[in-house]
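Chemist: Shown below is the structure under consideration.
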Ligand SMILES: *Cc1c(COP(=O)(O)O)cnc(C)c1O
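Numbering (my numbering), first residue to last: 202 to 614.
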C-alpha cells in the first residue's frame, strides 16, 4: 500500500490514490488544498473530456436543477426526448436507453443481446464473445468475463454465458462463434488494458463476421467515444456501424454520471415496459446535462481539437528517444506510455509527474496514461509533455532499479 497521509479512516480501501488532495478544478487545471495548480492529463478516465467546471455545463446543471431534476420514469419529462434524439442522430442508430454508470449501460447491452438472441434468433442459452484484457465495469456480471484476477478474486460465483478471445484477433473470433453466439462485445480500443490499439481493419472485419453469422456487434465506447480518439466514435475510423453502443463518462459533462445504450430498433425493441430500468436513469437533470455536453462537444469543435492536438501529442511522443519509454500507443488525445519496468513502475512515474505539477494515472503497473481534457490548450499540453520528458531523463540518469516482476506484478524497489 502506498501513501496514507490523506486517508480517511472511514474510507473503504478499494482505491490507492496518488498523494494529492484536490479541492478545485477549471478546464484542464486542478488545484490542491495548498493552492498548487496541476495540469490534468487524465480527465477522470475521459469523464472530464469537456474540462472541469465547464461554464455551459454548470449553467445548464443549475438551471435544470432549479426547474426539474428527478421526476422518475413513472412520468414523461420534457428533457429526455431531445437528449436521446441527439444520441441517435450522432451515433447513426435508432433508439437509446439511458442509465447512469457505464457498467449499467454495459449490463443493458448484455440484457438486450441475450433477449434478442432468445426471442429473435431462437437461441436457448445465449453466449457473448468478449475480448481478453477487456474492461467494461465492476458489476458481478461484468467481472464474470474479465480476465483480470484482481477484479475477480473472491467475487464468484460468476455469471456464465461469455467466451473470451484475444483482442484484435479476427480468426480467433471466427473460430469462437457457435450456434449459441448472439453477440460480440468489445472496446474499439482497450483503455484500462493499457490503451491497446487493435490492428487496422479489425472492426470492419468484425462487422463482416457478425453479419455473416447474424450476431450483434456491440461496442463499448464509454471511454473511447465522444471525441476522445479524434472522431465522435472510434467505430467511425473504420466506417462501420455497430448494432449497439454503450456511452458514458464524458456524456455527463464532467459533473454527473450519465450513460446510455444506443442500438438499432430491432435490438432495442426487446425491452418492454417493466423488463429493465433505473430510478435515476433518464432523469431530467441528467438528460439536460447530457444534451448540453453533446452540444458543447459539437459547438466547440472538440472532436476536431482532439484530432489535431492528438496528432501533435503523438508527434512529440514518437520523437522521444529514451530507453525508459518502451512504447507509446493510442489515438487522438489518448495515449498510453509504456514504461520500461527496469527503470520505474508506472505508479512511481506518475508520482514524479505529480511532483512536477502534472496529474496522470497508471494502469497495469507499466502504462502511464496521457489523456487530457479535450479543451486543453496546446501550450499546457506542451508544458505537461516537457515535464513528462524531464521524468524520463531523470529516470534514465538514475539507471535501472532492482525491481522484480512477480506474477506479472511489479514489486517496488
Ligand atoms: C469506465 C468504463 C466502464 C465502466 O464505467 P463506470 O461508469 O465506471 O461504471 C465501462 N467500459 C469502459 C470501456 C470503461 O472505460
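Each residue gets a CB set at the ideal place from its N, CA and C atoms; glycine is no exception.
(1) Who pairs with residue 300 in a beta bridge, going by DSSP?
(2) Going residue by residue through the stretch 387 to 456, where are the continuous alpha helix (DSSP H) segments of at least 4 residues, counting only ones entirely within it?
(3) Here's the rule I'm using: 16 or more other beta-carbon atoms within 10 Å means buried, otherwise exposed. How should residue 473 be labelled?
(4) Hey, could you find the ends of the alpha helix (DSSP H) residue 364 is sitting in?
(5) According to DSSP, is residue 360 helix, strand or coil?
(6) Could you say if the stretch 446 to 461 and the stretch 302 to 309 meet the contact criterion of at least three C-beta pairs nearer than 8 Å?
(7) Please find out if some non-hydrogen atom of ligand 1 comes closer than 7 Å to the beta-carbon of residue 227.
(8) Could you tell me how far apart the beta carbons of residue 488 and residue 284 are, in whole angstroms, since I believe they sit closer than 8 Å?
(9) Rounded to whole angstroms, what's the CA-CA distance from residue 367 to residue 379? Just pull it up for me.
(10) Quick one: using the 10 Å Cβ neighbour count with 16 as the cut-off for buried, is residue 263 buried or exposed?
(11) Looking at residue 390 and residue 425, is the spacing between their C-beta atoms short of 8 Å?
(12) In whole angstroms, what separates the C-alpha of residue 600 from that of residue 540?
(13) Would you call the CB atoms of residue 642 and residue 417 closer than 8 Å?
(14) To the nearest angstrom, how far is the alpha carbon of residue 440 from that of residue 406?
(15) Go through its chain and collect everything with a Cβ distance to residue 281's Cβ below 6 Å, but skip five positions before and after it.
(16) Please name the residue or residues paired with residue 241 in a DSSP beta bridge.
(17) Compute the beta-carbon to beta-carbon distance between residue 563 and residue 547, rounded to the nearest angstrom, for a pair I have assumed lies under 8 Å.
(18) Under the rule that 16 or more other beta-carbon atoms within 10 Å means buried, what is residue 203, buried or exposed?
(19) Using 7 Å as the cut-off, classify the Cβ of residue 479 as near or not near the heavy atoms of ligand 1, replying yes or no.
(20) Indicate, with yes or no, if ligand 1 has a heavy atom lying under 7 Å from the CB of residue 336.
(21) Please name the residue or residues paired with residue 539 in a DSSP beta bridge.
Modeler: On the basis of the data shown:
(1) Position 99 of the chain shown, counting from 1, holds the residue named residue 300. Answer by DSSP bridge pairing, in chain order: 460.
(2) 403 to 414
(3) Residue numbering aside, residue 473 sits at position 272 when the chain shown is read from its first letter. Flag for residue 473 reads exposed.
(4) Sequence index remark: in the chain shown, residue 364 carries index 163 (1-based). Not the alpha helix (DSSP H): residue 364 falls in the beta strand (DSSP E), residues 363 to 366.
(5) Position 159 of the chain shown, counting from 1, holds the residue named residue 360. Per DSSP, reduced to three states, the secondary structure at residue 360 is coil, with no helix or strand assignment.
(6) yes
(7) The residue you call residue 227 lines up with position 26 of the chain shown. Flag unset: Cβ of residue 227 not near ligand 1.
(8) Here residue 488 refers to the residue found at position 287 of the chain shown. Here residue 284 refers to the residue found at position 83 of the chain shown. Rounded, the Cβ-Cβ distance is 4 Å, consistent with contact.
(9) Along the chain shown, read from residue 1 onward, the residue named residue 367 stands at position 166. Along the chain shown, read from residue 1 onward, the residue named residue 379 stands at position 178. Taking the straight line from one Cα to the other gives about 17 Å.
(10) Numbered from 1 along the chain shown, position 62 holds the residue referred to as residue 263. With fewer than 16 Cβ atoms within 10 Å of its Cβ, residue 263 is classed as exposed.
(11) Within the chain shown, the letter at position 224 stands for residue 425. Within the chain shown, the letter at position 189 stands for residue 390. The answer is yes: Cβ separation under 8 Å.
(12) What you label residue 600 is simply residue 399 of the chain shown in a count that begins at 1. What you label residue 540 is simply residue 339 of the chain shown in a count that begins at 1. The straight-line gap from Cα to Cα measures roughly 13 Å.
(13) A query on residue 642 cannot be resolved here, the shown segment of the chain reaching from 202 to 614 and no further.
(14) One-based indexing of the chain shown puts residue 440 at position 239. One-based indexing of the chain shown puts residue 406 at position 205. So the two alpha carbons sit approximately 11 Å from each other.
(15) For the purposes of this step, residue 281 is taken as residue 80 along the chain shown, with counting starting at 1. So the list reads 483 and 488, once near-sequence residues are dropped.
(16) For the purposes of this step, residue 241 is taken as residue 40 along the chain shown, with counting starting at 1. Per DSSP, 560.
(17) Residue 563 sits at position 362 when you count from the first residue of the chain shown. Residue 547 sits at position 346 when you count from the first residue of the chain shown. That belief holds up - the Cβ atoms of residue 563 and residue 547 are roughly 3 Å apart, short of 8 Å.
(18) For the purposes of this step, residue 203 is taken as the residue at position 2 of the chain shown. Low local confidence applies: a pLDDT of 48 at residue 203 is under 50, so the model's placement there is unreliable, with the coordinate-based value given in what follows. It counts as exposed.
(19) In the chain shown, the residue the question calls residue 479 occupies position 278. Not so, every heavy atom of ligand 1 lies at least 7 Å from the Cβ.
(20) Along the chain shown, one-based indexing puts residue 336 at 135. Residue 336: yes, Cβ under 7 Å from ligand 1.
(21) Counted from its first residue, the chain shown places residue 539 at position 338. Paired residue(s): 528 and 568.
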